[in-house]
Amino acid sequence: MVIKEKIEKRKQICCIGAGYVGGPTMAVIALNCPDYDITVVDINKKRIKSWNGDIEKLPIYEPGLSEIVHKTRNKNLFFSNQVDQAIKKAEIIFMAVNTPTKQEGEGKGMATDLSFVEDCAKRIAMNSESNKIIVEKSTAPLGTAMRISEILQTNKMPINFEVISNPEFLAEGTAINDLQYPDRVLIGGEETKNGNRAVEKIADIYRNWVSDDKIITTNLWSSELSKLASNAFLAQRISSINSLSVLCDVTGANIKQVSRAIGADSRIGDKFLEASVGFGGSCFKKDILNLVYLCKFYGLDEVSEYWHQVVKINLYQKNRFVSRIIENLDNNIRNKKITILGWAFKKNTNDTRESAAIDVSTRLLKKGAKITVYDPMVSKESIIYDIKENFKDQMTSKFLSKIKFSDNILSAAKDSDCIAILTEWDEFKSIDWSKVSKNTSSLFIADGRNILDSEQIKNSVDKYISVGNSKF
Ligand SMILES: NC(=O)c1ccc[n+]([C@@H]2O[C@H](COP(=O)([O-])OP(=O)(O)OC[C@H]3O[C@@H](n4cnc5c(N)ncnc54)[C@H](O)[C@@H]3O)[C@@H](O)[C@H]2O)c1
Numbered sequence: 013m014v015i016k017e018k019i020e021k022r023k024q025i026c027c028i029g030a031g032y033v034g035g036p037t038m039a040v041i042a043l044n045c046p047d048y049d050i051t052v053v054d055i056n057k058k059r060i061k062s063w064n065g066d067i068e069k070l071p072i073y074e075p076g077l078s079e080i081v082h083k084t085r086n087k088n089l090f091f092s093n094q095v096d097q098a099i100k101k102a103e104i105i106f107m108a109v110n111t112p113t114k115q116e117g118e119g120k121g122m123a124t125d126l127s128f129v130e131d132c133a134k135r136i137a138m139n140s141e142s143n144k145i146i147v148e149k150s151t152a153p154l155g156t157a158m159r160i161s162e163i164l165q166t167n168k169m170p171i172n173f174e175v176i177s178n179p180e181f182l183a184e185g186t187a188i189n190d191l192q193y194p195d196r197v198l199i200g201g202e203e204t205k206n207g208n209r210a211v212e213k214i215a216d217i218y219r220n221w222v223s224d225d226k227i228i229t230t231n232l233w234s235s236e237l238s239k240l241a242s243n244a245f246l247a248q249r250i251s252s253i254n255s256l257s258v259l260c261d262v263t264g265a266n267i268k269q270v271s272r273a274i275g276a277d278s279r280i281g282d283k284f285l286e287a288s289v290g291f292g293g294s295c296f297k298k299d300i301l302n303l304v305y306l307c308k309f310y311g312l313d314e315v316s317e318y319w320h321q322v323v324k325i326n327l328y329q330k331n332r333f334v335s336r337i338i339e340n341l342d343n344n345i346r347n348k349k350i351t352i353l354g355w356a357f358k359k360n361t362n363d364t365r366e367s368a369a370i371d372v373s374t375r376l377l378k379k380g381a382k383i384t385v386y387d388p389m390v391s392k393e394s395i396i397y398d399i400k401e402n403f404k405d406q407m408t409s410k411f412l413s414k415i416k417f418s419d420n421i422l423s424a425a426k427d428s429d430c431i432a433i434l435t436e437w438d439e440f441k442s443i444d445w446s447k448v449s450k451n452t453s454s455l456f457i458a459d460g461r462n463i464l465d466s467e468q469i470k471n472s473v474d475k476y477i478s479v480g481n482s483k484f
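My numbering numbers the first residue of the sequence shown as 13 and each following residue consecutively.
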């Protein structure tokens, strides 16, 4: 009896969405909050099976994640497909579902597709029999919390729903560290007695490991806008430095030297000032396009255009990188072999969404090149999926026949006309290029991440281009 009461007293959290945010975030909450039972649910059966399977093969790769899942899984962290059941018993429900860009209808290509969020809200409304706090963890446009509240009102039982915005700021590749030691935790709620109480309950979860001075509380709108604005600022820095890299390429300036000089100013700071082939990832582009759309919606055309330029420069940077490869191969890449080193959108993740490698490879294939891909973490299946998605039936099979895969750098690079580095994996920084050059007639490296030192490699490499430094 006593044991039963003890079990019933345990606080129940449910998280809908077992992806890059839901999985790691809930694992870290479980680790730090032994008094809570956390059930992460997803409609994707394969994903849940893999969360419950071999600890070395979790569906998401993040340094430190498997160790935490190993410690907490089936103790106070559970993964399940029983969405309705988990909703029923939870007091707090996090929504960490995807919020992609709309592919059709009003706002197509710009606005956020809220259908996954709305489906969750409907499911919560249908299955709730007690008071609940719904936490909007997904990144969503301003007003989404209000929209969730409206849907929840379709539940006619005498129960109370409080919707809270608690956007996630983790960066893939460093997710566990970001979650354990966040710069801040943002919690937005309605400025009412119930709203404040709900904000406090969510803050209490984080207080288990985050100090109070890092917990920022705001109203709902400010919280939703702050997440979009943070991503817009980060991406804007990348596009700003990339725009200057173009000027460096046509003059004698060196972008690394320029970045260092700019970043030494404490008002500016040195983070996110590395020039590259362009940013990727599932968030920056879609969140900025969402911001652009919102500004347009409110008739703020100048503001909208200001932010749109961040995405446009990113595309320009990728195209420019491809053009420079082609120019350096005598303007003809038909049937030439180009080795792609790195498919993930950044190091230390297996996520490939919006990766620069996809756009660059697609363009190279369209110009007639053959490509061979090596990435230490991304599977062949993921790469094929990305290519198919990008070509969308435009003779996909013809292009797929021109892609090969390799499980090591040396064989990937053999007989290559150009080696394009598209992810900054650490192992690419220490490649022995003298070994690689023995298997190529002329070694040409296009360093899209500026990870190599041109001085160090110049004796083994015939041609080297990077981003924002014309000198070799
Ligand atoms: N990935 C990041 O680095 C990051 C960082 C901060 C914020 N975000 C935001 O967090 C949200 C989730 O991103 P993610 O990268 O984890 O996405 P994801 O695609 O990896 O995961 C989302 C999961 O939600 C599941 N899902 C969708 N609808 C569902 C439903 N009705 N019921 C149950 N499960 C459902 C999907 O099957 C999927 O597994 C997005 O809004 C994103 O913008 C992402």
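Note that CB positions come from ideal geometry on N, CA and C, so glycine has one too.
Selected residue, minimal CA-CA separation from residue i, among the options
{"i": "K382", "options": "K348, L70, W445 and E118", "result": "K348"}
{"i": "K359", "options": "I477, I443 and I433", "result": "I433"}
{"i": "E74", "options": "T111, I274 and G31", "result": "G31"}
{"i": "N93", "options": "T361, I28 and I415", "result": "I28"}
{"i": "I145", "options": "A152, L126 and V175", "result": "V175"}
{"i": "N208", "options": "D195, N220, G185 and S177", "result": "S177"}
{"i": "I105", "options": "D465, S223, I160 and I80", "result": "I160"}
{"i": "F181", "options": "F357, S238 and S446", "result": "S238"}
{"i": "L191", "options": "D474, K400 and L43", "result": "L43"}
{"i": "L376", "options": "P388, F333, V315 and N462", "result": "F333"}
{"i": "K283", "options": "Q248, D313, S294 and V304", "result": "Q248"}
{"i": "I431", "options": "P388, S449, D419 and E401", "result": "S449"}
{"i": "D387", "options": "K447, V222 and I421", "result": "I421"}
{"i": "V372", "options": "F291, P112 and K69", "result": "F291"}
{"i": "L154", "options": "D313, R196 and L306", "result": "L306"}
{"i": "E184", "options": "F357, L164, L70 and G119", "result": "F357"}
{"i": "N56", "options": "G76, F91, L126 and N344", "result": "F91"}
{"i": "V323", "options": "L341, Q165, N302 and F309", "result": "N302"}
{"i": "S335", "options": "H82, G460 and I443", "result": "G460"}
{"i": "N462", "options": "V81, N64, S257 and D474", "result": "S257"}
Near ligand 1: residue i beta-carbon under 8 Å from a heavy atom
{"i": "F417", "result": "no"}
{"i": "E184", "result": "yes"}
{"i": "R59", "result": "yes"}
{"i": "F291", "result": "no"}
{"i": "N64", "result": "no"}
{"i": "C295", "result": "yes"}
{"i": "D131", "result": "yes"}
{"i": "K298", "result": "yes"}
{"i": "G200", "result": "no"}
{"i": "N56", "result": "yes"}
{"i": "G76", "result": "no"}
{"i": "F106", "result": "no"}
{"i": "F181", "result": "yes"}
{"i": "D459", "result": "no"}
{"i": "K400", "result": "no"}
{"i": "R135", "result": "yes"}
{"i": "K348", "result": "no"}
{"i": "G31", "result": "yes"}
Residue i: first and last residue of the uninterrupted alpha helix (DSSP H) it sits in
{"i": "A152", "result": "Note, A152: premise wrong, no alpha helix (DSSP H); not H, not E."}
{"i": "K416", "result": "That residue, K416, is in no alpha helix (DSSP H); its beta strand (DSSP E) goes I415 to F417."}
{"i": "G207", "result": "K205 to Y218"}
{"i": "K400", "result": "K392 to F403"}
{"i": "V95", "result": "V95 to K101"}
Within 9 Å, strictly: CB atoms of residue i and residue j
{"i": "S369", "j": "I352", "result": "The question names Ser, but residue 369 is Ala in the sequence shown. Yes. Within cutoff."}
{"i": "S394", "j": "T435", "result": "no"}
{"i": "A102", "j": "Q24", "result": "yes"}
{"i": "N326", "j": "N266", "result": "no"}
{"i": "G275", "j": "L285", "result": "yes"}
{"i": "A108", "j": "G34", "result": "yes"}
{"i": "D54", "j": "I60", "result": "yes"}
{"i": "S472", "j": "A458", "result": "no"}
{"i": "F456", "j": "D474", "result": "yes"}
Endpoints, beta strand (DSSP E) assigned at residue i
{"i": "N231", "result": "I227 to N231"}
{"i": "C26", "result": "K23 to I28"}
{"i": "D49", "result": "Y48 to V53"}
{"i": "I72", "result": "Looking at the DSSP string, I72 is not in any beta strand (DSSP E), and its letter there is neither H nor E."}
{"i": "G35", "result": "Where G35 is concerned, there is no enclosing beta strand (DSSP E), although the alpha helix (DSSP H) it sits in stretches over G34 to N44."}
{"i": "D459", "result": "F456 to D459"}
{"i": "A432", "result": "C430 to I433"}
{"i": "M107", "result": "I104 to M107"}
{"i": "F91", "result": "L89 to S92"}
Beta-carbon separation (whole angstroms), residue i vs residue j, contact threshold 8 Å
{"i": "L232", "j": "E202", "result": "6 Å"}
{"i": "N481", "j": "K268", "result": "7 Å"}
{"i": "N172", "j": "S140", "result": "So it is not a contact: roughly 10 Å between Cβ atoms."}
{"i": "I41", "j": "I228", "result": "Their Cβ separation, rounded to whole angstroms, is 18 Å, which puts I41 and I228 out of contact at 8 Å."}
{"i": "T113", "j": "K298", "result": "5 Å"}
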